[in-house]
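What follows is a short report on a single structure.
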Amino acid sequence: MLNGKNILLAITGGIAAYKTPDLVRALKKDGADVTCVLSQSGAKFVSELALQSVSGNRVYTDLFSLSAEHEMGHISLARACDLVIVAPATAATMAKMAQGIADNLVTTLLLATTKPILLAPAMNWAMWENPATQENVKTLSGRGAHMIGPVVGELACGEEGMGRMADIEDIVSAAESTLELSGPLKGLHATVTSGPTHEPIDPVRYIANRSSGKQGHAIAGALAGLGASVTLISGPTNMDAPEGVKLVNVTTADEMMAAVNSCGQTDIFVGAAAVSDWRTVDTEKQKIKKQGPGTVPELKLMQNPDILKTVATIGISGGISGGLSNSARPMLVIGFAAETENLVENARRKLAAKGCDWILANDVSNETDTFGGNNNQVHLITRSGVEEWPRMNKRELAQKLAQRIADAFLSNSGHASAGNVS
Ligand code: PMT
Numbered sequence: 047m048l049n050g051k052n053i054l055l056a057i058t059g060g061i062a063a064y065k066t067p068d069l070v071r072a073l074k075k076d077g078a079d080v081t082c083v084l085s086q087s088g089a090k091f092v093s094e095l096a097l098q099s100v101s102g103n104r105v106y107t108d109l110f111s112l113s114a115e116h117e118m119g120h121i122s123l124a125r126a127c128d129l130v131i132v133a134p135a136t137a138a139t140m141a142k143m144a145q146g147i148a149d150n151l152v153t154t155l156l157l158a159t160t161k162p163i164l165l166a167p168a169m170n171w172a173m174w175e176n177p178a179t180q181e182n183v184k185t186l187s188g189r190g191a192h193m194i195g196p197v198v199g200e201l202a203c204g205e206e207g208m209g210r211m212a213d214i215e216d217i218v219s220a221a222e223s224t225l226e227l228s229g230p231l232k233g234l235h236a237t238v239t240s241g242p243t244h245e246p247i248d249p250v251r252y253i254a255n256r257s258s259g260k261q262g263h264a265i266a267g268a269l270a271g272l273g274a275s276v277t278l279i280s281g282p283t284n285m286d287a288p289e290g291v292k293l294v295n296v297t298t299a300d301e302m303m304a305a306v307n308s309c310g311q312t313d314i315f316v317g318a319a320a321v322s323d324w325r326t327v328d329t330e331k332q333k334i335k336k337q338g339p340g341t342v343p344e345l346k347l348m349q350n351p352d353i354l355k356t357v358a359t360i361g362i363s364g365g366i367s368g369g370l371s372n373s374a375r376p377m378l379v380i381g382f383a384a385e386t387e388n389l390v391e392n393a394r395r396k397l398a399a400k401g402c403d404w405i406l407a408n409d410v411s412n413e414t415d416t417f418g419g420n421n422n423q424v425h426l427i428t429r430s431g432v433e434e435w436p437r438m439n440k441r442e443l444a445q446k447l448a449q450r451i452a453d454a455f456l457s458n459s460g461h462a463s464a465g466n467v468s
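Residues in the sequence shown are numbered consecutively from 47, following my numbering.
Here it is, written out as structure tokens:
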């Protein structure tokens, strides 16, 4: 199962650390390549030499080791693996993780990694049951960390109770299933629209807007990063598809609507595209010629389909052959409101008019540089309230939104009516 997988094993300071050479052996037997990172207190229970001998790899111990930085910086180390296992995971390490504290090599790697994390806690039963630890466990699980154990048994301190590190073979099978099941949105399908649409006037001219696709593409990438399978339907942009995302390129609003209806069952829909509200009634087959001085052509416009409203009120038709009778509404439908005045008030109206669950209101006045720029500032409006988010980079905003979506699904036991979560 773990064939060819690179595992970073972080060993922190619990007595169960003495078992980690056996864990390394078991992971290697299952096909993994294991690199160990040993905290200073972990080193009191197991030697660097023992771990190096069983793993066959250099053991990393010091955040400020120049030779380690030379061979592999801590950021690369955090990313060069498929999975990070923390065994034993002490109460202190989990508390630091929950707070985002990076004060040694292990906690720095844990903060820097974008890979799935599996924690094998081990501690005294009272420390485990302490509400502070339980709160930290909940926080970390909510962010997508996987847990194995602890189990009930005789503890190092001589007491009995819940706190023993899980058995080696159980940690190995948890590693296998974590690699199959990584991310809180695993098993969910998200469809994201992004970029502008181009509505042709004649073979060389079109109606468009300044959307770059930066925001929509970042959202697609962030959702994929949390494990969702993502279809990104994009109008014309210069952006590449984010890693792990299926990209469908379209040009017009009509094509975008058809592509949305072709992407099948969807759990989460995010409409970040700046869809043109209108298109010309007739597209001229030939380039419109300039007429005499003072004479300009008249463009007759008609309404484009409202993709967000269709998805929120009718659903996604489940493929071109599906037809409307097979339409299913995604569990969570999120739109954007691009406004230049009365931001929250107008966005609230849009939320109701479009029938979506959440709307992100962004000010797109010229001076904000929201269209095309790298930063955005939004108000998240749900049926039950308004949250003002600070101005941030579009990638950060995408990650915050993706996490918010994951929290909504998790607090609804993964499914039913995430849209009602504020
Ligand atoms: O692409 P960037 O340069 O990164 O900029 C990001 C953005 C400003 C384009 C993005 O954050 C944003 O605000 N997208 C929505 C732009 C828009 O068209 O807003 P709207 O208020 O006109 O539309 C409201 C909602 O309805 C949007 O979710 C839109 O996708 C959707 N819509 C609108 C019209 C239409 N015919 N179909 C739709 O689905």
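Note that the Cβ used here is the ideal one computed from N, Cα and C, for glycine as well.
Going by DSSP, what residue range makes up the beta strand (DSSP E) through residue i?
i	result
G199	197-200
E433	431-434
Residue i: beta carbon under 7 Å from a heavy atom of ligand 1?
i	result
A358	no
I451	no
N439	no
V410	yes
L456	no
I314	no
N350	yes
Q445	no
T297	no
I353	yes
Q423	no
V291	no
A318	yes
S33	As shown, the chain starts at 47 and ends at 468. That puts residue 33 outside it, with no answer to give.
Quick check on residue i: buried or exposed, where buried means 16 or more other Cβ atoms within 10 Å of its Cβ?
i	result
I279	buried
P167	buried
L370	Because L370 sits at a pLDDT of 44, beneath the cut-off of 50, its placement in the model cannot be relied upon, and the point is left open.
G431	exposed
P177	exposed
L95	exposed
L55	buried
H461	With a pLDDT of 41 at H461, under the threshold of 50, the predicted position of this residue should be treated as unreliable, though the coordinate-derived value follows. It counts as exposed.
I366	Caution applies to I366, whose pLDDT of 38 falls short of 50 and renders its modelled position unreliable; the value that the coordinates give is listed next. It counts as exposed.
T341	exposed
V467	Any reading at V467 needs caution, since the residue's pLDDT is 48, under 50, leaving its predicted position unreliable; the model's value is listed next. Per the 10 Å Cβ criterion, buried.
K400	buried
A62	buried
N284	exposed
V291	buried
T66	buried
K142	buried
D286	exposed
V183	buried
T386	exposed
In terms of residues, what are the limits of the alpha helix (DSSP H) holding residue i?
i	result
N182	177-188
I427	Not the alpha helix (DSSP H): I427 falls in the beta strand (DSSP E), residues 424-428.
A166	Premise fails: A166 lies in the beta strand (DSSP E), 163-167, not in any alpha helix (DSSP H).
K440	440-456
When the distance is taken between beta carbons, is residue j closer than 8 Å to residue i?
i	j	result
G418	C402	no
M193	L165	yes
L157	A144	no
P230	K333	no
E330	I247	yes
A135	T58	yes
In the DSSP output, what is residue i paired with across the bridge?
i	result
A320	P242
F315	T237, V379
G207	G199
A138	BP columns for A138 are empty, so no partner.
N307	DSSP output for N307 lists no bridge partner at all.
W404	I380, T428
Y64	Note: Y64 sits in no beta bridge, so no partner.
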